[in-house]
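Q: I am attaching a structure below and will ask some questions about it afterwards.
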DNA sequence: ACCCATTAGTTGCATATGCAACTACATCTT
DNA sequence: AAGATGTAGTTGCATATGCAACTAATGGGT
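Protein chains in written order, with our numbering: chain A, 98 to 246; chain B, 98 to 246.
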């Protein structure tokens with residue numbers, strides 16, 4: 098039991114280290130290809146996945162796990178770059194829909210191969226299929242609990 | 098094979114989400130207990146683990162995965178708070194050793210229970226021992242490769 | 001011994017981030 | 001239908017972060 102507890106704390110520590118190391122390398126690869134940072138990718142991807150390519154600001158903030166104030170400015174930059182647009186919604190005059198533009202779709206398309214290549218060489222290559230499934234299952238459960246309750 | 102590739106990409110995506118979600122919650126818990134952020138904990142812990150409670154700046158930067166410039170200022174804050182000290186090393190007049198102070202040890206001791214409680218309720222509770230071992234093993238390998246080559 | 005490339009660490013600058021306060025609108029309660 | 005309460009999003013401010021340029025010291029090659 099204490100053995101288990103230790104291996105869990107250890108797993109968390111290693112997860113932190115792996116995250117930091119890989120994200121740093123991925124950001125470097127994107128920058129080297131003169132592409133925007135990972136945060137931009139996340140926003141574009143969430144929008145592209147969403148029904149009609151649009152989401153409300155607060156939904157987007159939740160999905161990319163950013164404070165709302167932070168998302169406001171991130172959205173400013175993306176809008177400035179022409180990759181998204183803010184359009185008024187019919188039903189709630191307080192808020193907007195963020196919509197991905199044609200240029201946004203193109204940019205995500207350009208970022209993905211670079212990103213994917215990094216994930217594969219840094220992560221996938223060194224992880225077995227079984228481990229990947231364990232990671233996916235376990236962390237899906239973790240996220241669900243953390244957000245649900 | 099494509100099945101495997103997908104589950105690996107998926108695992109990475111979930112890992113990113115889990116990291117963001119949990120770190121956010123842990124930071125909130127530390128702040129609520131009027132304790133310093135996670136980054137401070139990392140520095141203190143690396144120093145405490147190290148031989149003689151001291152490390153060179155660049156070693157510390159590597160271990161906490163921070164750019165050197167960033168570590169300079171993080172160290173400033175910690176030094177300012179009396180938790181670490183910078184002392185000249187005998188052998189290299191360019192650099193310093195960062196040493197953890199008595200107050201630094203005490204602070205890490207105060208932070209750990211709060212941090213640990215969060216890890217357990219957010220992570221350990223929802224992960225089996227087997228999954229934890231898979232995560233630890235796989236990501237240890239990943240980090241080693243990413244840093245080694 | 002001397003220069004050159006390298007390494008350690010800090011700083012200027014631009015950008016990114018979170019919190020709390022704010023405005024504007026929506027919704028609930030009575 | 002009016003006022004209280006809550007929600008959407010933005011902004012001011014303080015802090016945090018990375019990159020590139022800088023200073024200082026080391027070490028290797030000749």
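Cβ coordinates follow ideal geometry from the N, Cα and C atoms, glycine included.
1) Is the CB of residue 155/A under 8 Å away from at least one CB in chain B?
2) Within the continuous alpha helix (DSSP H) that includes residue 100/A, where are the two ends?
3) Is there a Cβ of chain A sitting closer than 8 Å to that of residue 106/B, yes or no?
4) Anything in chain A within Cβ reach of residue 221/B, meaning under 8 Å, just list it in chain order.
5) Can you tell me whether residue 172/B is buried or exposed? The criterion is at least 16 other CB atoms within 10 Å of its CB, across all chains shown.
6) Does residue 182/B come out as helix, strand or coil in the three-state DSSP assignment?
7) Classify residue 185/B: buried if its beta carbon has 16 or more other beta carbons within 10 angstroms, exposed otherwise.
8) Going by DSSP, what residue range makes up the beta strand (DSSP E) through residue 194/B?
9) Using only the alpha-carbon positions, how far apart do residue 239/B and residue 220/A sit?
10) Starting from the beta carbon of residue 207/A, find every residue of chain B whose beta carbon is closer than 9 Å, and list them in chain order.
11) State the Cα-Cα distance for the pair residue 201/B and residue 179/B, rounded to the nearest angstrom.
12) Is it the case that the segment 226-238 of chain B contacts the segment 142-152 of chain B, given that we only count it when at least three CB pairs across the two stretches are under 8 Å?
13) Near residue 106/A, which residues of its chain fall below 7 Å by C-beta distance, leaving aside the five closest residues on each side in sequence?
14) Once you ignore the five residues that flank residue 143/B on each side, which residues in its own chain have a CB closer than 8 Å to its CB?
A: Well, looking at it:
1) By one-based count along the first chain, residue 155/A stands at place 58. Chain B contact via Cβ: absent.
2) Looking up residue 100/A in the first chain gives position 3. It spans 99-129 - the alpha helix (DSSP H) in which residue 100/A sits, taken as one unbroken run.
3) Mapped onto the second chain, residue 106/B falls at position 9. By this cut-off, residue 106/B is an interface position.
4) The residue given as residue 221/B occupies position 124 in the second chain. Residue 221/B reaches chain A at 102, 105, 106, 109, counting residues in chain order whose Cβ is nearer than 8 Å.
5) The residue you call residue 172/B lines up with position 75 of the second chain. It counts as buried.
6) Position 85 of the second chain, counting from 1, holds the residue named residue 182/B. In the three-state reduction of the DSSP assignment, residue 182/B falls in the strand class, which pools E and B.
7) Residue 185/B sits at position 88 when you count from the first residue of the second chain. Residue 185/B comes out exposed.
8) Taking the second chain and counting its residues from 1, the one referred to as residue 194/B is at position 97. From DSSP, the beta strand (DSSP E) with residue 194/B extends over 193-197.
9) On the second chain, residue 239/B is found 142 positions in, with the first residue counted as 1. On the first chain, residue 220/A is found 123 positions in, with the first residue counted as 1. When rounded, the separation of the alpha-carbon atoms in residue 239/B and residue 220/A is 6 Å.
10) For this step, residue 207/A is matched to residue 110 along the first chain. Against chain B, the beta carbon of residue 207/A has no neighbour under 9 Å; the closest one sits roughly 18 Å away.
11) For this step, residue 201/B is matched to residue 104 along the second chain. For this step, residue 179/B is matched to residue 82 along the second chain. Cα-Cα distance, rounded: 7 Å.
12) Short answer: they don't touch.
13) In the first chain, counting from the first residue as 1, residue 106/A sits at position 9. Within its own chain, no residue has a Cβ closer than 7 Å to the Cβ of residue 106/A once the five positions on either side in sequence are excluded.
14) Position 46 of the second chain holds residue 143/B. A distance below 8 Å between beta-carbons, with the five flanking residues on each side excluded, links residue 143/B to the following residues of its chain, in chain order: 152, 157, 160, 161.
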